[in-house]
Amino acid sequence: MSFQKFGFEERILLGIEAMNYHLPTPVQEQVIPCIMAGKDVIASAQTGTGKTAAFLLPVLNRIVSNRQGDFIKCLIVVPTRELAIQISQHIEGFSYFVEVSSLAVFGGSDGAVFSNEKRALTQGADIAVCTPGRLISHLNLGYVKLDQIQVLVLDEADRMLDMGFLPDIQKIISYIPKKPQTLFFSATMPPRIRDLARKILVSPSEINIGLATPPAKIIQQGFKISEDKKIFLVNDLISSGTNFKSILVFCHTKAKVKELSRSLKKTQASVEEIHSDLGQSEREATLNRFKSRQTRVLVATDILARGIDVEDIDLVINYSVPYDAEDYVHRIGRTARVQADGHAFTLISPMEHRRFNAIEKFLGYEIPKLPLPETLVVKPQTENKNKAGTASDKSLVRRNRQSDSRKISRSGRYKQQGTS
Ligand code: AMP
-4 MSFQKFGFEE RILLGIEAMN YHLPTPVQEQ VIPCIMAGKD VIASAQTGTG KTAAFLLPVL
56 NRIVSNRQGD FIKCLIVVPT RELAIQISQH IEGFSYFVEV SSLAVFGGSD GAVFSNEKRA
116 LTQGADIAVC TPGRLISHLN LGYVKLDQIQ VLVLDEADRM LDMGFLPDIQ KIISYIPKKP
176 QTLFFSATMP PRIRDLARKI LVSPSEINIG LATPPAKIIQ QGFKISEDKK IFLVNDLISS
236 GTNFKSILVF CHTKAKVKEL SRSLKKTQAS VEEIHSDLGQ SEREATLNRF KSRQTRVLVA
296 TDILARGIDV EDIDLVINYS VPYDAEDYVH RIGRTARVQA DGHAFTLISP MEHRRFNAIE
356 KFLGYEIPKL PLPETLVVKP QTENKNKAGT ASDKSLVRRN RQSDSRKISR SGRYKQQGTS
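So for the sequence shown, the working numbering puts the first residue at -4; every next one is plus one.
What follows is the structure, given as structure tokens:
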């Protein structure tokens, strides 16, 4: 069934065609009719399911079929700048054939950016895509009018609560005098998310799209490895996986991102890092280079794990085991988007076994563990014929001492067994 059945205006259908969407995804099948019928919606849908178009298309249709003045008609609140930019790009793509203005409000330290946002907010745009903190800064100054909001979208609501935005969200809602149609998207539905939803939604349609289950086409594998050898394994996986053209590596901390990317840069041609120490424009430029495949390997903090729409990532490497199963699903969800297959490796240190078991329990299946490449296996002393150790043992010791992955021997490298 095509997008025609939803009753969109012809101009919206042209935009959908231009975006090369032929068939609605399951979340679009279920969510679009409810939004078109004017209902509040609560949907548990992960990034990668097509949820952005699921709310944007009915919103755009509503705006173009009832053209009104220059004021904000739809407010989309999102946890991160990256997600705000991504949604704005979708709006731009879909509204190629219609006149819809949109505005992204996500901050940055530059005073000129604030003034531009202020001007745009004062003039009014059809759709405003905002991060909570930045919108509050503008609301506090008194010139933002939210009194004509017809549709409010809260995207990645669980992430916003994780990031401590609940008071900001409540404050934003308090600025909207007349209850708008409210669309609530969250990858997970823990009790505090349900509480918030209960407070702000009226008789919502509830839609549950495969809550926190990784798409079946992602090949998931793990390695049991000591913490100090992880850097070498990542290097090895990247070097041997020549068929992986786009690789995202997640670490918990900025310090680890920096250390790993510094180490990888010694052997890999195309490595960049992204974390909160980079300025907004640097982050955007880095992400764009990765999206356009100028950069092959991007090492990122968890900040990128959710909501980022980078298409066709071939491989996600979890340098560290995520703290909960839902985060795991979000991280590996960067691969195997709508039309692509994906691959995910997780590096599991002894300290992380328990956490990884909990993830497997949550998923309901065990993730296969691959043997380590020979160069990373420490042989027991008694097996060595010669007390000084084999050549590869020596090189391993040297690598550990020097923290220099250039020294990795090419023998016995990981061959991607069972990965095709
Ligand atoms: P989202 O879950 O909204 O982040 O979407 C994930 C990716 O799927 C984005 O790159 C979308 O452009 C793409 N996408 C969404 N819906 C469709 C569709 N019906 N057909 C093809 N691609 C889609």
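Idealized CB from N, CA, C, for every residue including glycine.
On a predicted model such as this, the values are computed, not experimentally measured, just so you know.
Sequence-distant residues of its chain with Cβ nearer than 6 Å to residue i (five each side left out)
i      : result
Gln412 : Residue placement at Gln412 is flagged as unreliable, the pLDDT there being 34, under the threshold of 50; the coordinate-derived value follows with that caveat. There are no such residues.
Ile327 : Pro209, Ile213, Val311 and Ala339
Cys29  : Val36 and Ser200
Arg346 : As written in the sequence, residue 346 is Met, which differs from the Arg given in the question. So the list is empty, once near-sequence residues are dropped.
Ala13  : Tyr91
Per-residue DSSP class, three states only, for residue i
i      : result
Phe1   : helix
Gly137 : coil
Phe89  : helix
Leu365 : coil
His348 : helix
Ala40  : coil
Thr296 : strand
Thr183 : coil
Ala32  : coil
Arg6   : helix
Ala120 : coil
Gly106 : helix
Val148 : strand
Arg405 : Residue placement at Arg405 cannot be trusted, given a pLDDT of 30 that sits under 50; what the coordinates show is reported in the next sentence. Coil, per DSSP.
Val160 : The question names Val, but residue 160 in the sequence shown is Phe. DSSP places Phe160 in coil when its eight states are reduced to three.
Val72  : strand
Ser200 : strand
Thr281 : helix
Thr177 : strand
Val372 : coil
Val305 : coil
Phe357 : helix
Phe66  : coil
Val316 : coil
Extent of the continuous beta strand (DSSP E) to which residue i belongs
i      : result
Thr126 : Careful: Thr126 lies outside any beta strand (DSSP E) and carries neither H nor E.
His338 : Gly337 to Ile343
Pro219 : Correcting the residue type first, residue 219 is Lys in the shown sequence and not Pro. Looking at the DSSP string, the run of the beta strand (DSSP E) that includes Lys219 is Ile213 to Lys219.
Leu98  : Ser97 to Val100
Ser268 : A small correction: the amino acid at residue 268 is Glu; Ser does not occupy that position in the sequence shown. Run containing Glu268: Val266 to Ile269, per the beta strand (DSSP E) assignment.
Leu273 : Element bounds for Leu273: n/a, residue is neither H nor E.
Val311 : Leu310 to Asn313
Residue i: first and last residue of the uninterrupted alpha helix (DSSP H) it sits in
i      : result
Asn238 : It is not in any alpha helix (DSSP H) - Asn238 carries neither H nor E in the DSSP assignment.
Ala49  : Lys46 to Ser60
Ile327 : Ala320 to Ile327
Asn419 : With the chain represented from -4 up to 415, any question about residue 419 goes unanswered, as that position is not in the structure.
Pro222 : As written in the sequence, residue 222 is Glu, which differs from the Pro given in the question. Premise fails: Glu222 is in no alpha helix (DSSP H) and is neither H nor E.
Own chain residues within Cβ distance below 8 Å of residue i, not counting five before or after
i      : result
Thr296 : Phe245, Cys246, His247, Thr248, Lys249, Val252, Ile269, His270 and Ser271
Ile188 : Ala152, Asp153, Leu156 and Ser181
Thr126 : Val72, Val73, Pro74, Thr75, Arg76, Ala79, Val100, Phe101 and Gly102
Ile168 : Leu147 and Ile195
Alpha-carbon to alpha-carbon, residue j and residue i
i      : j       : result
Leu8   : Gln(-1) : 7 Å
Phe285 : Gly236  : 17 Å
Phe66  : Thr341  : 47 Å
Leu156 : Ile171  : 20 Å
Asp388 : Ile362  : Because Asp388 sits at a pLDDT of 33, beneath the cut-off of 50, its placement in the model cannot be relied upon, and the following sentence gives the value as read from the coordinates. Distance between the alpha carbons of Asp388 and Ile362: 29 Å.
Pro19  : Ser(-3) : 7 Å
Asn15  : Arg329  : 20 Å
Ile71  : Ala79   : 8 Å
Val266 : Val148  : 35 Å
Ser390 : Thr370  : Per-residue confidence for Ser390 stands at a pLDDT of 33, beneath the threshold of 50, marking its modelled position as unreliable; no derived number is given.
Thr44  : Phe50   : 12 Å
Leu367 : Arg291  : 23 Å
His85  : Ser276  : 19 Å
Gln23  : Ser198  : 20 Å
Ala123 : Gly106  : 19 Å
Arg6   : Glu87   : 13 Å
Pro317 : Arg62   : 46 Å
Ile202 : Ser96   : 29 Å
Asn313 : Met184  : 24 Å
Lys173 : Ser234  : 57 Å
Thr177 : Lys34   : 8 Å
Ala280 : Phe239  : 22 Å
Ala211 : Arg349  : 24 Å
Asn230 : Gln263  : 8 Å
Sequence-distant residues of its chain with Cβ nearer than 7 Å to residue i (five each side left out)
i      : result
Ser90  : Gly10 and Leu55
Met31  : Phe1, Gly2 and Pro53
Glu4   : Asn56, Val59 and Ser60
Lys166 : Ile131
Closer than 8 Å to chain D by CB, residue i
i      : result
Ala339 : Included in the structure is just one protein chain, with no chain D present.
Closer than 7 Å: residue i CB and nearest the ligand SAH heavy atom
i     : result
Ala48 : Absence of the ligand SAH is noted for the structure shown, with the ligand AMP being the only ligands found.
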